[in-house]
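Enquirer:
Protein chains: 2
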Amino acid sequence: MRVKCIVSYDGSQFNGYQVQPNKRTVQREIEEALTKLHKGNEVKIYASGRTDAGVHAKGQVFHFDTPLTIPDGRWPYALNSLLPDDIVIISAAYVQDDFHARFDVERKEYRYMINRNMMVDVFMRNYEYHYPFELNVDAMKRAADLLVGTHDFTSFCVAKTEVEDKIRTIYSIDINEENQQIIFSFIGNGFLYNMVRILVGTLLEIGQGKREILEIPGILEGKDRKLSGKTVPGHGLYLWKVYYDN
Amino acid sequence: MRVKCIVSYDGSQFNGYQVQPNKRTVQREIEEALTKLHKGNEVKIYASGRTDAGVHAKGQVFHFDTPLTIPDGRWPYALNSLLPDDIVIISAAYVQDDFHARFDVERKEYRYMINRNMMVDVFMRNYEYHYPFELNVDAMKRAADLLVGTHDFTSFCVAKTEVEDKIRTIYSIDINEENQQIIFSFIGNGFLYNMVRILVGTLLEIGQGKREILEIPGILEGKDRKLSGKTVPGHGLYLWKVYYDN
Numbered sequence: 001m002r003v004k005c006i007v008s009y010d011g012s013q014f015n016g017y018q019v020q021p022n023k024r025t026v027q028r029e030i031e032e033a034l035t036k037l038h039k040g041n042e043v044k045i046y047a048s049g050r051t052d053a054g055v056h057a058k059g060q061v062f063h064f065d066t067p068l069t070i071p072d073g074r075w076p077y078a079l080n081s082l083l084p085d086d087i088v089i090i091s092a093a094y095v096q097d098d099f100h101a102r103f104d105v106e107r108k109e110y111r112y113m114i115n116r117n118m119m120v121d122v123f124m125r126n127y128e129y130h131y132p133f134e135l136n137v138d139a140m141k142r143a144a145d146l147l148v149g150t151h152d153f154t155s156f157c158v159a160k161t162e163v164e165d166k167i168r169t170i171y172s173i174d175i176n177e178e179n180q181q182i183i184f185s186f187i188g189n190g191f192l193y194n195m196v197r198i199l200v201g202t203l204l205e206i207g208q209g210k211r212e213i214l215e216i217p218g219i220l221e222g223k224d225r226k227l228s229g230k231t232v233p234g235h236g237l238y239l240w241k242v243y244y245d246n
Numbered sequence: 001m002r003v004k005c006i007v008s009y010d011g012s013q014f015n016g017y018q019v020q021p022n023k024r025t026v027q028r029e030i031e032e033a034l035t036k037l038h039k040g041n042e043v044k045i046y047a048s049g050r051t052d053a054g055v056h057a058k059g060q061v062f063h064f065d066t067p068l069t070i071p072d073g074r075w076p077y078a079l080n081s082l083l084p085d086d087i088v089i090i091s092a093a094y095v096q097d098d099f100h101a102r103f104d105v106e107r108k109e110y111r112y113m114i115n116r117n118m119m120v121d122v123f124m125r126n127y128e129y130h131y132p133f134e135l136n137v138d139a140m141k142r143a144a145d146l147l148v149g150t151h152d153f154t155s156f157c158v159a160k161t162e163v164e165d166k167i168r169t170i171y172s173i174d175i176n177e178e179n180q181q182i183i184f185s186f187i188g189n190g191f192l193y194n195m196v197r198i199l200v201g202t203l204l205e206i207g208q209g210k211r212e213i214l215e216i217p218g219i220l221e222g223k224d225r226k227l228s229g230k231t232v233p234g235h236g237l238y239l240w241k242v243y244y245d246n
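Chains H and G are the protein sequences, given in the same order.
Numbering follows UniProt numbering, in which position 115 of the first sequence is assigned residue number 115; successive positions increment by one, without gaps.
Numbering follows UniProt numbering, in which position 241 of the second sequence is assigned residue number 241; successive positions increment by one, without gaps.
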């Protein structure tokens, strides 16, 4: 039986999602909990994709196969009781055998949180990027509109990115301001390595007046990481939701 | 010169506020930072009161004396650069020599945060009490009204409390519900050891129908800790604001 799980995690204390030797990662913690639940028989999980060190997930998705017949609604409790408290399984459901958490992704939503107050909010220090500067939100929104659509995002990913096809579609970029918090929401069919963090970094430079809105088309066409803005820190980023076709 | 500071801290990683041998406490961290700033000359701080292990502060107040003449607005930055990231000095101001952060307190506000969602919010796990149960909020509000006023709160503090005078005045108790979060706000002229946590625990038992609203006067009159409800965990509690007479 194949089980699809939605999981949230606080990325602060992890070296990212993917298993690495001798490092605390989300995948390792979940696989260890599942293996314990299966009396030592190793269980592998397959997620929608990785997240980097410090990056959070509100709704990451993974699947695994199991011979156990625990009711859907009990899986989260069974797993959460074996998991550390910075990983919480939100829900679980039995799915068809051909469902794949990575290959079947239709869309992904990432959010990036910024706080512009003069002083850091101590309770949010690991959950938003403290950026106490003036920003022209309207200019950022207009620049964001130029990024929506199907483009080659070579300029907006880590230079050494190994994926060959760097064409991705961004369906929407929303920028919402509430009090001194700004929330960026990106929905796309896929995102390259560090892409959201470089997009936000570039938009912030436009918001600060360090770049012009109309530089965006040239940055995309130039296909060169050096043309875009700084990579903002991982702790403001959330894998918010993964969408599948059903 | 006497300086009054407002400080927020995340209590999760502290053994409370007050200095204890070989323990990480808020007072110790701040005194060490101040001593560093004063080139090794020891500086003592005086806060409005203690907070327990795990308890947070949004607006704790303390004062200290200094021969340094740093402008008010620079003190927070000077101190924050020497403090760990779970303590943030919000503001500082020079005050009269006879101001005392503890003796001059007029009122204090504490808040207690509860989340009733089925699943823990992983990002709030150290900042609210997860309590996924039905609650009659109206009953809790009516019981709270019976606690407001000047009473002997012996039944609502730790049995071994050494303070002799257990009469305190609660000016207001507000209970606000938003989505699945409930925020209790208490304003009073002073609070005994664990008093807010026992008050909330008792109100929750009323909200769950385990106790009657009209038990409150009898609990107060009985002056016995055994009569009141459970002590809720410290990680949902915030010293929110300290009020002085000026």
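Here a beta-carbon is modelled for each residue, glycine too, at the ideal position from N, C-alpha and C.
Keep in mind the model is a prediction, meaning the values are calculated, not measured.
How would you write the range of the alpha helix (DSSP H) that M113/G sits in, first residue to last?
Expert: Segment 105-115 is the beta strand (DSSP E) holding M113/G; no alpha helix (DSSP H) there.
Enquirer: What are the start and end residues of the alpha helix (DSSP H) that includes Q27/G?
Expert: Element bounds for Q27/G: 26-37.
Enquirer: Per DSSP, what are the beta-bridge partners of Q180/H in this structure?
Expert: According to DSSP, Q180/H bridges with nothing at all.
Enquirer: Is F133/H buried or exposed, if buried means 16 or more other CB atoms sit within 10 Å of its CB?
Expert: Classification of F133/H: exposed, given that the 10 Å Cβ count is below 16.
Enquirer: So, at 8 Å on beta carbons, what are the nonlocal neighbours of S172/H in its own chain, with the 5 sequence-adjacent residues on each side left out?
Expert: These residues qualify, in order along the chain: V148, S185, F186, I187.
Enquirer: Between T154/H and K223/H, how many whole angstroms is the CB-CB distance? I'm expecting something under 8 Å.
Expert: Indeed, because the Cβ distance is near 4 Å, the residues count as touching under 8 Å.
Enquirer: Check the DSSP bridge columns for V19/H and list the partner residues they point to.
Expert: V19/H is not bridged to any residue.
Enquirer: Three Cβ pairs or more, each shorter than 8 Å: is that satisfied between the region 124-144 of chain H and the region 195-209 of chain H?
Expert: These segments touch.
Enquirer: Check each residue of the region 64-85 of chain H: if its Cβ is closer than 9 Å to any Cβ of chain G, include it; give the result in chain order.
Expert: Under the 9 Å Cβ criterion, the region 64-85 of chain H contributes P76, N80, D85.
Enquirer: Which stretch, first to last residue, makes up the beta strand (DSSP E) that contains L192/H?
Expert: L192/H -> no beta strand (DSSP E), and no H or E assigned at all.
Enquirer: Chain H beta carbons: is any one of them nearer than 8 Å to that of M119/G?
Expert: It does; some Cβ of chain H falls within 8 Å.
Enquirer: For F123/H, name the three-state secondary structure that DSSP assigns.
Expert: Correct three-state label for F123/H: helix.
Enquirer: Determine the DSSP secondary structure at residue 253/G, reduced to helix, strand or coil.
Expert: Residue 253/G lies beyond the residue range present for chain G, which begins at 1 and ends at 246; the question has no answer from this structure.
Enquirer: With DSSP as the reference, identify every bridge partner of G149/H, one or two as the case may be.
Expert: Bridge partners of G149/H: I170/H.
Enquirer: One question on the structure: do R102/H and G49/H come within less than 8 Å of each other, judged by their Cβ atoms?
Expert: Result yes, Cβ atoms of R102/H and G49/H sit closer than 8 Å.
Enquirer: Taking 8 Å as the cut-off, decide whether the C-beta atoms of L192/H and V163/H are in contact.
Expert: Closer than 8 Å, so yes.
Enquirer: Would you please verify whether the beta carbon of Y9/H is less than 8 Å from any beta carbon of chain G?
Expert: With 8 Å as the cut-off, Y9/H counts as an interface residue toward chain G.
Enquirer: Three or more beta-carbon pairs under 8 Å between the region 79-92 of chain G and the region 21-35 of chain G, yes or no?
Expert: Cβ pair count under 8 Å is three or more, so yes.
Enquirer: With W79/H as the anchor, note down where its alpha helix (DSSP H) starts and where it stops.
Expert: Correcting the residue type first, residue 79/H is Leu in the shown sequence and not Trp. Unbroken alpha helix (DSSP H) run through L79/H: 75-80.
Enquirer: Can you pull the chain H residues whose beta carbon is under 9 Å from the beta carbon of V88/G, in chain order?
Expert: Residues of chain H passing the Cβ test: M119, V120, D121, V122, R125.
Enquirer: By alpha-carbon positions, which one of S8/G, K23/G, N126/G ends up nearest to L83/G?
Expert: Of the listed residues, the one whose Cα sits closest to L83/G is S8/G.
Enquirer: Would you kindly work out how many angstroms separate the C-alpha atoms of V43/H and G11/H, rounded to a whole number?
Expert: Approximately 22 Å between the Cα atoms of the pair.
Enquirer: Under the rule that 16 or more other beta-carbon atoms within 10 Å means buried, what is R197/G, buried or exposed?
Expert: With 16 or more other Cβ atoms within 10 Å, it is buried.
Enquirer: Helix, strand or coil: which one does DSSP assign to A139/G?
Expert: Three-state DSSP puts A139/G in a helix.
Enquirer: Counting C-beta neighbours from all protein chains within 10 Å, is the total for G73/H 16 or more, i.e. buried, or is it exposed?
Expert: When all chains shown are included, G73/H counts as exposed.
Enquirer: Just how far apart, CA to CA, sit residue 247/H and V158/H?
Expert: What the structure shows of chain H is the stretch from 1 to 246, and residue 247/H is not part of that stretch, so it cannot be assessed.
Enquirer: Looking at C-alpha atoms only, which residue of H130/G, L227/G, M1/G, M118/G is the closest neighbour of H235/G?
Expert: With distances taken between Cα atoms, H235/G lies closest to H130/G.
Enquirer: Just verifying my parser: in three-state terms, what is the DSSP assignment at V232/H?
Expert: Here V232/H sits in coil by DSSP.
Enquirer: Could you tell me if N194/G is buried or exposed, where buried requires 16 or more neighbouring beta carbons within 10 angstroms of its beta carbon?
Expert: By the neighbour-count rule (16 or more Cβ atoms within 10 Å), N194/G is buried.
Enquirer: Starting from L237/G, trace the alpha helix (DSSP H) in both directions and tell me its first and last residue.
Expert: Careful: L237/G lies outside any alpha helix (DSSP H), inside the beta strand (DSSP E) at 237-244.
Enquirer: Among H151/G, A144/G, H38/G, whose alpha-carbon lies nearest the alpha-carbon of I213/G?
Expert: Closest by alpha carbon: A144/G.
Enquirer: Confirm, please, whether the CB-CB distance from L239/H to A57/H is below 8 Å.
Expert: Against a cut-off of 8 Å, the Cβ pair of L239/H and A57/H comes out as a contact.
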